[in-house]
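Q: Sharing a structure below in C-alpha cells format, with a few things to ask.
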Amino acid sequence: MPRVEARPPVPPPPPPDALPELPELDLGERTEVLSLKAGLAPEPPTPAPQPRPSQPALAPPPRASQPAMAPPPRASTTGVPAQGTHARAPAPTRPSVAVPAVPELRAVQPPAARPPAKEADAPATGGGGKWKWLALGGGGVLVLAVVALVMLRGPGSAFVNVEPGEHVYVGGVRMEEGSAPLDSLNGPLLISTAVDGKLRRFGTTRQRDGIDVRTLATAAPQPGTKGLLSVTGSAPGCQVQVGGAMLPGVTPLAKTPIDAGRELEVLVNCQGSVDRLWVMAVPGQEIEVAAR
C-alpha cells in the first residue's frame, strides 16, 4: 500500500516589517494585516495550501490461522504556521479497528451417492413353461408318494411302513384280502409281523387307522416256545392240518399246542371243502380261528 504523507506548507514571503503579536484566535476569526510601502501595490496574499485528508490505511486481508492486525496509524505531519498565514489544522487520526478473524469453514462433504438399486430380474422367457414343468414334477412326486404309501400298507390298508415280503398278523391271524376289518375287533390288538417265515416284531396297540409297524418291538428268537390254537365255527368232524402235520381229533379243536415264532399254514377239510389260512403265535399266545 502507498504511504500517504501530508505535504509541508509553502513558506510565505518574509514580511517587510515585524508585526505586532496577535492574540490566539481561531482560524476563522484571524485577519491578515499587511503594511504597504509607499508607491508599491500591495502583494496579493498567498493562499495557504488546502489540507489533504489523510487516507485511512487499509488492513491486509485476515489469515485463517490468526487475526489480522491493522498497522499502527501514522501521525500526520503538521507544519508550523508562519506569521501572517492561516495555520493548517492537524488531521484527525482514525482509531484502528481490528478486523475479527473469520473462522475457517469446513467444506461440507456431499453425501455418498448410493448405488442404484438392482432392477428386478425380468421374468425369463417361457416362465409359463417353467411353472408347467414344476407343476408336472410336483404331481409326479405326489403320485409316487401315494404309490409308495399303498405299497407300504399291508392288507386291509390299516398299517404303514410295511416292508416288501413282511406279513402282518392281528391276534395271530395273517391280514389278507377278505380278512375281517379291524373295526369288528374289540379291545387292544396284539400285532405281530413276520419276515421269511419268522417272527420279527410284535406289540399291543389300540385300534386305529394307519398303525406304524416300525413302532413295534423287535422280537428275539426263542426256540422251543409254544402257543395255543383253537378252531371253531366249522361243521363238526372236520380235519385240521397245521404246518403240514395233521392234528389228532376233529373239529371243534380247543387249545392245541403249536410252535411259536413261526408262520404256520392251517388247512381245515370239511367234506371235500378246504379252508386255508396262516397263523403265527408269539410265545404263550392263544389263537382262535373260525373256519368257514
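Heads up: the sequence shown at position 278 corresponds to 278 in the UniProt record's numbering, and the numbers run straight through without jumps.
Even for Gly, the Cβ is constructed at its ideal location relative to N, Cα and C.
Values in this document were obtained by computation on a predicted structure and should not be read as measured data.
Roughly how far, in whole angstroms, is the beta-carbon of G261 from the beta-carbon of Q222, given that I think they are within contact range, below 8 Å?
A: Indeed they touch by this definition, with Cβ atoms about 6 Å apart.
Q: What do you get for T218, buried or exposed, if any count of 16 or more other CB atoms within 10 angstroms of its CB means buried?
A: Classification for T218: exposed.
Q: For the beta strand (DSSP E) holding D209, just list the boundary residues, first then last.
A: Where D209 is concerned, there is no enclosing beta strand (DSSP E), given that its DSSP letter is neither H nor E.
Q: Going by C-alpha to C-alpha distance, which of S273, T251, A281 and L253 sits closest to E265?
A: Among S273, T251, A281 and L253, the Cα nearest to that of E265 belongs to A281.
Q: Assign T251 to buried or exposed, taking buried as 16 or more other Cβ atoms, counted over all protein chains shown, within 10 Å of its Cβ.
A: So T251 ends up on the buried side.
Q: According to DSSP, is T215 helix, strand or coil?
A: Correct three-state label for T215: helix.
Q: Measuring only the C-alpha atoms, how far is G224 from L190?
A: C-alpha separation (whole angstroms): 21 Å.
Q: My assumption, with CB atoms under 8 Å, is that R200 sits in contact with E166. Please give the rounded CB distance.
A: That belief holds up - the Cβ atoms of R200 and E166 are roughly 7 Å apart, short of 8 Å.
Q: Given this structure, state the Cα-to-Cα distance separating K255 from V289, to the nearest angstrom.
A: Straight-line Cα distance between these residues: approximately 11 Å.
Q: Using a Cβ-Cβ cutoff of less than 7 Å, which residues in the same chain neighbour L152 once the five nearest sequence positions on both sides are dropped?
A: Legend: pLDDT at L152 = 45, less than 50; position of this residue unreliable, value from coordinates given subsequently. Hits under 7 Å: V160, N161 and V162.
Q: Which whole-angstrom value describes the C-beta separation of A291 and V231, a residue pair presumed to lie in contact below a C-beta threshold of 8 Å?
A: Contact holds; Cβ gap of about 6 Å.
Q: Determine the contact status of M175 and A158, defining contact as a CB-CB distance below 9 Å.
A: Yes; because the gap between Cβ atoms is below 9 Å, this pair is in contact.
Q: Sort G171, G178 and D196 by Cα distance to N186 and report the nearest one.
A: Looking at the Cα atoms, G171 is the closest of the given residues.
Q: Could you tell me the alpha carbon to alpha carbon distance between L267 and D209, rounded to whole angstroms?
A: In a straight line, the C-alpha of L267 is about 30 Å away from that of D209.
Q: Is it right to say V168 is buried, meaning 16 or more other beta carbons lie within 10 angstroms of its own, or is it exposed?
A: Buried.
Q: Our contact map puts T204 next to P188 with C-beta atoms below 8 Å; I'd like the distance itself, whole angstroms only.
A: Correct: roughly 5 Å between the Cβ atoms.
Q: From the DSSP secondary-structure annotation, give me the bridge partner or partners of P223.
A: Answer is none; P223 lacks a bridge partner.
Q: Below 7 Å CB to CB, which residues in the same chain sit around Q207 once its five sequence neighbours on both sides are set aside?
A: Counting only Cβ-Cβ distances below 7 Å, and skipping sequence neighbours, we find L182, L185 and L189.
Q: So the beta strand (DSSP E) S179 belongs to, where does it begin and stop?
A: It is not in any beta strand (DSSP E) - S179 carries neither H nor E in the DSSP assignment.
Q: Among G237, A245, V240 and F202, which has the Cα closest to the Cα of A220?
A: Nearest of G237, A245, V240 and F202 to A220, Cα basis: F202.
Q: Strictly under 9 Å for the Cβ-Cβ distance: is V240 near chain C by that measure?
A: In the displayed structure, chain C is absent; only one protein chain is listed.
Q: Please name the residue or residues paired with M246 in a DSSP beta bridge.
A: M246 pairs with Q241.
Q: According to DSSP, V268 sits in a beta bridge with which residue or residues?
A: Partner(s): V240 and D275.
Q: If you reduce the DSSP assignment to three classes, tell me which class E288 lands in.
A: Three-state result, E288: strand.
Q: Tell me the DSSP secondary structure of P12 in three-state form.
A: DSSP places P12 in coil when its eight states are reduced to three.
Q: Skipping 5 residues on each side, what residues in its chain have a beta carbon closer than 6 Å to that of K226?
A: Only P257 and A260 meet the Cβ criterion.
Q: My output table needs one value for P67: the three-state DSSP class, helix, strand or coil.
A: Because P67 sits at a pLDDT of 49, beneath the cut-off of 50, its placement in the model cannot be relied upon, and the point is left open.
Q: Nearest-angstrom Cα distance between S192 and G178?
A: Each residue's Cα considered, the two are about 19 Å apart.
Q: When DSSP labels each residue in this structure, what does E263 get in the three-state scheme?
A: Of the three classes helix, strand and coil, the one that applies to E263 here is coil, per DSSP.
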